[in-house]
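Since the structure comes first, as structure tokens, the remarks are kept for the end.
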Amino acid sequence: MKHTISVLVENEFGVLTRVAGLFSGRGFNIESLTVAPTLDKSTSRMTIVTHGDEKILEQITKQLNKLINTIKVIDFTNEEFVERELAMIKVTAESEHRAEVLRIVDIFRAKVVDVTPRSYTVEITGAPAKINALIDLVRPMGIKELVRSGPVVIGRTLKS
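Residues in the sequence shown are numbered consecutively from 987, following the numbering used here.
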């Protein structure tokens, strides 16, 4: 089962290593990890996506809460949340496909951020399913490179 976890931590050296160590120590792979400071520069928010069963994830959540630098842990698995991701895709854009690539980019409300004689670099933000759909449509034309940020999430309800 997919789990999306948000961890609010003190923005200090070594915190990321300790959090990642909890996962690797229990044999869990981190599918994606996004970390950035919050409005308060002394704290950072980690968004971690992983797969695993409920029992082990409950153990990891408890261990995360025990870390001295952890302020708050939220498992969004059974919560309502908004999820967004950023991707940049370098698409082959030979003359016969250039117009088609631009139409697809327009349909997905993405944008071309770089152009070369043989490629377009496309930037898209949105839900992971939207990004996957764009990738599926441009794949037949040729994807030279793909970079994804991993999702960031925010709860839909106000919690204290």
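C-beta atoms are modelled at their ideal positions from N, C-alpha and C, and glycine is treated no differently.
> When DSSP labels each residue in this structure, what does A1022 get in the three-state scheme?
Replying inline: Locating residue 1022 in the sequence shown gives position 36, counting from the first residue. Three-state DSSP puts A1022 in a strand.
> Are the CB atoms of I1075 and V1035 nearer to each other than 7 Å?
Replying inline: The residue given as residue 1075 occupies position 89 in the sequence shown. The residue given as residue 1035 occupies position 49 in the sequence shown. Between I1075 and V1035, the C-beta spacing is not below 7 Å.
> What's the gap between the Cα of L994 and the Cα of I1060?
Replying inline: The count along the sequence shown starts at 1 and reaches residue 994 at position 8. The count along the sequence shown starts at 1 and reaches residue 1060 at position 74. If I take the Cα positions, the gap works out to 9 Å.
> Which of the three DSSP states, helix, strand or coil, is assigned to G1011?
Replying inline: Here residue 1011 refers to the residue found at position 25 of the sequence shown. G1011 falls in the helix class under three-state DSSP.
>> Please give the ranges of any alpha helix (DSSP H) in the region 1073 to 1115, keeping only runs that are unbroken, at least 4 residues long and fully inside the region.
In response: Taking 4 residues as the minimum length, the alpha helix (DSSP H) runs contained wholly in the region 1073 to 1115 are 1084 to 1093, in order along the chain.
> Relative to the alpha-carbon of N1051, which residue among I991, A1115, T1143 has its alpha-carbon at the smallest distance?
Replying inline: Position 65 of the sequence shown, counting from 1, holds the residue named residue 1051. N1051 has its Cα closest to that of I991, out of I991, A1115, T1143.
> Hey, L1120 and I1090 are a contact pair by Cβ (cut 8 Å); roughly how many whole angstroms apart?
Replying inline: What you label residue 1120 is simply residue 134 of the sequence shown in a count that begins at 1. What you label residue 1090 is simply residue 104 of the sequence shown in a count that begins at 1. With 8 Å as the limit, L1120 and I1090 qualify as a contact, their Cβ atoms being about 7 Å apart.
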